[in-house]
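Below is one structure, written out as structure tokens; the observations come after it.
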Amino acid sequence: MRAIWKGAIAFGLVNVPVKVYSATEDHDISLHQVHNADGGRIRYQRRCEVCGQVIDYSDIEKAFEEDGRTVVLSKDELKAIPAENSHEIEVVQFVPSEQLEPMMFEKSYYLEPDSKSPKAYVLLRRALEDTDRVAIVQYALREKTRLGALRIKDDVLVLQSLLWPDEVREANFPALDTAIKISAQERDMSAALVESMAADFEPESFTDDYQVQLRKLIDAKLEQGESLDTDETFGVEAGDGGKGEVIDLMEALKRSLDRKRGGAAAATGGADSEEEESDDGGMEDGDKPAKPARRSSGSRSSGTGTAAASKTSASEAAETKTGARSTAAKSTASKSTAAKSTSTRSAAAKSTGTAAKTATGKSTGTKAAASKSTEKPAAKATTTRARKPA
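Numbering follows numbering that gives the first Met the number 0, with no gaps: position 41 of the sequence shown is 40.
As structure tokens, then:
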């Protein structure tokens, strides 16, 4: 057994150091919830209802709600309550054992002496034996002030936690107030039945048949190979140091998909960058900011000169006339006459060479690109318009 708590019994001026052990345990077979389709483990998450995030246990505080208002109590505030920090089992009185209502008993703990000399422990045990009384004590365990009874079992001090008086409900059943007439013969027959079933109580003679049958069923399935690999179906809990953060399968899949999409986008962006740099005959560092303008900005839908220029391959820049016709053809297939005009101006601007590119790279949007293209070569733009019908 493992001690769950350490403290000392305060018996007048006598201090009895003890270790506390749980005296009982649940023998029920622990069952998990799984998905009937694939056997996957069903886990529960501590999810915040405000932000929707899964919260680590270390970030969780306790709170009390009353009349629509919630009061949050931090761990430090709860520990500041004197009774919560006490590791003392204080004896307050000794009472006859028959005065304790069995319904008040809650849970039992064994107390082991926790000192080099168990003399004080034995002294208290002898005092309880000699007086045939039970010690009523108060103590704090798991952040609660508790009431308990100290008694003896097989030369070991046993601490039994008691319910507080207001935790025991009052039995009030109107049906029992009804006058019922029972004949003497019925009473004699019931007494005879009780006598025929009378025996000494032997707890070991009773078994939990349900748990026995459940164990047999589990063993039979294991022998027949009807089992799943726990690591594959139940998964693992995330977080170091037992944070208790449970892996959300859908969230994990979403993150994996986002990573793959991000990787593909980065690879595409790198390929486009290399192609543009090689086709432009070596792009300068100052010209690189112009790349996002070519690849984004709604391209043709906004009808801007920059979008049209980005659609025209950089390798066609040497052949200005052919580039202008190609750009005009693309614009005609998908856009309006206004888009044509803007596209033609952009092609003319591109034909001017490095000056137009530099202006586009320094601009923050499509307006600056358009203004630069209309500022410079008026004559060339006129020449291009003359050839537009072709």
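Think of the CB as a built atom: it goes at the ideal place given N, C-alpha and C, for glycine as much as any other residue.
Only a predicted model underlies this, so the values are computations on that prediction, with no experimental measurement involved.
By the criterion of at least three beta-carbon pairs nearer than 8 Å, the region 176-189 is not in contact with the region 151-165. Rounded to the nearest whole angstrom, the CA to CA distance from Ala2 to Gly38 is 36 Å. Scanning its chain for C-beta atoms nearer than 7 Å, with the 5 sequence neighbours on each side dropped, one finds around Glu128 the residues Ile151, in chain order. Residue pairing by DSSP leaves Phe205 without any beta bridge partner.
Counting along the chain, the unbroken alpha helix (DSSP H) around Thr232 starts and ends at 229-233. Using a Cβ-Cβ distance cut-off of 8 Å, the region 112-123 and the region 22-35 are not in contact, since fewer than three pairs of beta carbons, one from each stretch, lie closer than that value. Take the alpha-carbon of Arg42 and the one of Gln32: they are about 8 Å apart.
Of all C-beta pairs linking the region 131-151 to the region 86-106, three or more are shorter than 8 Å, placing the two stretches in contact. When secondary structure is reduced to three states using DSSP, Lys61 falls in the strand class. Taking the C-beta atoms as reference points, Thr144 is found nearer than 8 Å to Gln137. Counting C-beta pairs with one atom in each stretch, the region 161-180 and the region 99-108 have three or more that are closer than 8 Å, which means they touch. By the CB criterion at 8 Å, Glu60 and Val71 fall inside the cutoff. If the five residues before and after Lys106 are omitted, its C-beta is found closer than 6 Å to the C-beta atoms of Ser160, all from its own chain and listed in chain order. For Pro112, the CB contacts under 6 Å within the same chain, skipping 5 residues up- and downstream, are Tyr120 in chain order.
Taken through DSSP and simplified to helix, strand or coil, Val167 comes out as coil. When secondary structure is reduced to three states using DSSP, Ser73 falls in the coil class, being assigned neither helix nor strand. Beta-bridge partners of Ile135 (DSSP): Gln92, Ala148. The alpha-carbon of Ser21 is positioned some 45 Å away from that of Ile179.
In the DSSP assignment, the residues bridged to Leu140 are Lys143. Residues of the same chain with a CB within less than 7 Å of the CB of Val15, apart from the 5 flanking positions on each side, are Ala7, Ile8, Ala119, Tyr120, Leu123 in chain order.
Per the DSSP secondary-structure output, Arg40 pairs in a beta bridge with Val33. When the Cα atoms are used, Met196 and Asp208 turn out to be separated by approximately 21 Å.
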